[in-house]
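Position one of the sequence shown corresponds to residue 125 (our numbering), numbered consecutively onward.
We put the beta carbon where it would ideally sit given N, CA and C, even for glycine.
Computed from a prediction, not measured in an experiment: that's the story for all the values here.
What follows is a single structure, written as structure tokens, with notes after it.
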Amino acid sequence: MNETKYIWMDGKFIDWDKAKVHVLAHTLHYGLGVFEGIRFYETSKGPAVFRLKDHIKRLFDGAKCSFMKVPYTQDKMNDAVLETIRKNKIKVGYIRPILFYGYGKMGLDPTGASVNAAIAVWPWDSYLGEEAVKVKTSSFIRIHPKSTHASCKICGHYVNSIFASLEAKEKGYNEALLLDHEGYCAEGPGENLFIIKDGKLLTPKLGNILSGITRKSIIEIAGNEGIKVEEAKIKLEDVYDADEAFFTGTAAEVTSIASVDNKKIGKQSPGPITKKLKELYLDIVHGKVKKYEHWLEYL
Ligand code: PMP
């Protein structure tokens, strides 16, 4: 792992190696906790965090769904993220805030367990690599929205993601694609899905998927570029038949999809629209496009 020097824990900076929790921490046993994945990039004005406030808002929305009384405000968490980057003196990397139920209570009801917070940062390269990825439809379906708050980034949801991801990798693919309970395309284990057909961008509707911040950004960017965008129910056959397809996510950024279930997508990967949106997204996160500078939180 790419260690850095300090982790922010419950308001204090702790040495990376000493940032520990008790083995009876409630979240460790039952998975009710919330986390975020955020990236910061180098720009000509120094490091900048991409859409920090949106990520921290999603974290707090998830905490609310989890009946968690967070002992910090969103502003305090935003500041703590920026402080953690400054303290570790790194210019580009990944940020992992987590809110979890700690020690103090066993049994399902977390009332009585402490609510703890931590923020770690570390350098992290591209998540799925630079090449277009080979994708396999998962035998696991995306968590049912009536079983949980599917739009929140809850720790326990990632069991579903990890099973799908490990299954795809075991079969020789780079990533999985999960269908929803109705058989429509949902998302990747840690990414939202986009396809392009006849110049139009299509992405699964919200409801059964995580409301990705990169997804939201790409919808806005594409719209501003005059590309038609539609949030729709997407069948697997639509993906097989697409001209282009890509995943979006904080970690994955914009990652072109080369094939799904060994069916080649389009004539080339990445295709022209994917390429254009990927380049624009990377320019935006690096502070090169004035119009989107309000998405950046400079250190
Ligand atoms: N779907 C899932 C299941 C995810 O874990 C992520 C990563 N947070 C995404 C989509 C993409 O979300 P974002 O663009 O906010 O990182």
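Put residue i into one of helix, strand or coil per three-state DSSP.
{"i": "R266", "result": "coil"}
{"i": "K340", "result": "helix"}
{"i": "C189", "result": "helix"}
{"i": "C309", "result": "strand"}
{"i": "S289", "result": "helix"}
{"i": "G424", "result": "The chain is shown only over 125 to 423; residue 424 falls outside these bounds and no answer can be derived."}
{"i": "G217", "result": "strand"}
{"i": "K260", "result": "strand"}
{"i": "G416", "result": "A small fix is needed here, since residue 416 is Tyr in this sequence, not Gly. Three-state result, Y416: helix."}
{"i": "E355", "result": "strand"}
{"i": "N240", "result": "strand"}
{"i": "D139", "result": "strand"}
{"i": "I345", "result": "helix"}
{"i": "L334", "result": "coil"}
{"i": "K109", "result": "Outside the displayed span of the chain (125 to 423) sits residue 109, for which this structure offers no information."}
For the alpha helix (DSSP H) containing residue i, list its first residue and its last residue.
{"i": "A375", "result": "Careful: A375 lies outside any alpha helix (DSSP H) and carries neither H nor E."}
{"i": "E403", "result": "P396 to V409"}
{"i": "A204", "result": "Q198 to N212"}
{"i": "E361", "result": "L360 to Y364"}
{"i": "Y422", "result": "Y422 -> not in any alpha helix (DSSP H); beta strand (DSSP E) instead, spanning L420 to Y422."}
{"i": "L152", "result": "H150 to Y154"}
For the beta strand (DSSP E) that residue i lies in, which residues bound it at each end?
{"i": "Y165", "result": "I162 to Y165"}
{"i": "V158", "result": "G157 to F159"}
{"i": "T235", "result": "No beta strand (DSSP E) contains T235, which DSSP labels as neither H nor E."}
{"i": "V194", "result": "Segment: none, V194 is in no beta strand (DSSP E) and carries neither H nor E."}
{"i": "W132", "result": "Y130 to M133"}
{"i": "T327", "result": "K324 to P328"}
{"i": "L302", "result": "E299 to L303"}
If we count the other Cβ atoms within 10 Å of its Cβ and call it buried at 16 or more, is residue i buried or exposed?
{"i": "Y405", "result": "buried"}
{"i": "R182", "result": "buried"}
{"i": "E127", "result": "exposed"}
{"i": "H179", "result": "buried"}
{"i": "E306", "result": "exposed"}
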